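Enquirer: Counted from 1, the sequence shown has number 125 at position 123 by this note's numbering; the numbering is strictly sequential. In this text, a Cβ means the ideal position worked out from N, Cα and C, and glycines have one as well. The model shown is predicted, which means the values in this text are computed figures rather than measured ones.
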Amino acid sequence: MNKSPFYICSLSGGKDSTAMLLRLLEENLPVDMILFCDTGLEFPDMYTHLDKLEKYIGRPIAKIKAEHSFDYYFSEIPIKRGNPEKFRALFGKDYNGYGWMGARMRWCTNRLKDRPREHFLRNLRKKYDIRQYVGIAADEKYRLERKNNQRSECIHPLVEWNMTEADCLQYCYERGFDWNGLYNRFKRVSCWLCPLQSLSELRKLWEFYPELWEKLRRYDEMTWRKYRADYSVKELEIRFAFENECLAKGLSIRNKVFLLL
Ligand code: SF4
3 MNKSPFYICS LSGGKDSTAM LLRLLEENLP VDMILFCDTG LEFPDMYTHL DKLEKYIGRP
63 IAKIKAEHSF DYYFSEIPIK RGNPEKFRAL FGKDYNGYGW MGARMRWCTN RLKDRPREHF
123 LRNLRKKYDI RQYVGIAADE KYRLERKNNQ RSECIHPLVE WNMTEADCLQ YCYERGFDWN
183 GLYNRFKRVS CWLCPLQSLS ELRKLWEFYP ELWEKLRRYD EMTWRKYRAD YSVKELEIRF
243 AFENECLAKG LSIRNKVFLL L
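#1: Exposed or buried, what is residue 17 when buried is set at 16 or more other beta-carbons lying within 10 Å of its beta-carbon?
#2: Kindly indicate the opening and closing residues of the alpha helix (DSSP H) around residue 73.
#3: If I measure Cβ to Cβ from residue 188 and keep anything under 6 angstroms in the same chain, skipping five residues before and after, which residues do I get?
#4: Ordered along the chain, which non-local residues of its own chain (more than five positions away) have a Cβ less than 8 angstroms from that of residue 63?
#5: In angstroms with no decimal places, state the Cα-to-Cα distance between residue 1 and residue 21.
#6: Within 10 angstroms of the Cβ of residue 146, are there 16 or more other Cβ atoms? Answer buried if so, exposed if not.
#7: Leaving out the 5 sequence neighbours to the left and right, which residues in its chain are closer than 7 angstroms to residue 264 when beta-carbon positions are compared?
#8: My assumption, with CB atoms under 8 angstroms, is that residue 194 sits in contact with residue 43. Please give the rounded CB distance.
#9: Do residue 32 and residue 58 have their CB atoms nearer than 8 angstroms?
#10: Scan the stretch 111 to 178 and note each continuous alpha helix (DSSP H) run of 4 residues or more that stays entirely inside, going in chain order.
#11: According to DSSP, simplified to helix, strand and coil, what is residue 35?
#12: Alpha carbon to alpha carbon, how far is residue 49 from residue 112? Give it in angstroms, no decimals.
#13: Quick test of your reading: residue 99 and residue 72, contact by CB under 8 angstroms. State the CB separation rounded to the nearest angstrom.
#14: Under 7 angstroms, CB to any heavy atom of the ligand SF4. Which residues pass, going along the chain?
#15: As an exercise, report each continuous beta strand (DSSP E) stretch of at least 3 residues that is fully enclosed by the stretch 37 to 62, in chain order.
#16: Should residue 184 and residue 170 be called a contact, given that it needs their Cβ atoms to be closer than 8 angstroms?
#17: Can you tell me whether DSSP reads residue 88 as helix, strand or coil?
#18: DSSP three-state label for residue 212, please.
#19: Can you name, in chain order, every residue of its own chain whose Cβ lies under 7 angstroms from the Cβ of residue 45, other than the five neighbours on each side?
#20: Out of 235, 26 and 6, which one is the CA nearest neighbour of residue 158?
#21: Could you tell me which of 241, 200 and 249 sits nearest to residue 104, measuring between CA atoms?
#22: Can you tell me where the beta strand (DSSP E) with residue 13 in it begins and where it stops?
Written out as structure tokens, the structure reads:
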């Protein structure tokens, strides 16, 4: 059976996929659906941006979510420990949930993004020949090498248009999208609580988003797993406060090693 093509614009809400969507529509290229996978962990300014974008393009953005919330996977899902006694002895009590994600334990990507998206697309593929526009910028071609992005259904318009990350941001700014300054603070915008962010980005989160930082603290108290291999959330606070004191005295904080005793 010949299936008809169905064009999906994969939208993260960031500068690249936003620029891609805007240009696709401006050039009247086929877009049957705009798809956003909501982890529930976007910055509030990102959700405001998505509302604004929807109004601007005059079309709905299809929003899909995982079966359960981040909170459930983080601290509620029952986990069978290999050695429950040892776990209890180490951490003082039993904990449910996967806890903080790490470089080798990115359960969040799988549970909150890949699985719900694949589940959604699997159903559509039964009916249509899916073509997905993916917002990889021309200067991040290394991402094209990932298996996921090499699937024949993926199309990379930004690469074809030779639009770099900087071009994408400019393209969005010119059309009035500024994410309320998110990109003045962060080079990349993803889940606000991600432990895999750089220290400088976490510093900005601490400095400019105190409500989110307070939420981060509360999450940290709910799990046994350390936020990062090098710092807990409280230790980060100590570091950042100390750095601020140094800066106030005119001292440099670059390339300093911090020992928390
Ligand atoms: S940005 Fe961080 S928290 Fe969000 S899905 Fe990716 S690894 Fe997980």
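Expert: Answer, in terms of the structure:
#1: buried
#2: 72 to 77
#3: 203
#4: 13, 36, 37, 38, 52, 55 and 56
#5: Residue 1 lies beyond the range of the chain shown here (3 to 263); nothing can be said about it.
#6: exposed
#7: Coverage of the chain is limited to positions 3 through 263, which leaves residue 264 absent and any answer about it impossible.
#8: 6 angstroms
#9: no
#10: 117 to 129, 159 to 162 and 167 to 176
#11: strand
#12: 21 angstroms
#13: In fact, because the Cβ distance is near 10 angstroms, the residues do not count as touching under 8 angstroms.
#14: 41, 43, 103, 108, 110, 111, 114, 115, 192, 193, 195, 196 and 198
#15: none
#16: no
#17: helix
#18: helix
#19: 184, 191 and 194
#20: 26
#21: 200
#22: 7 to 13
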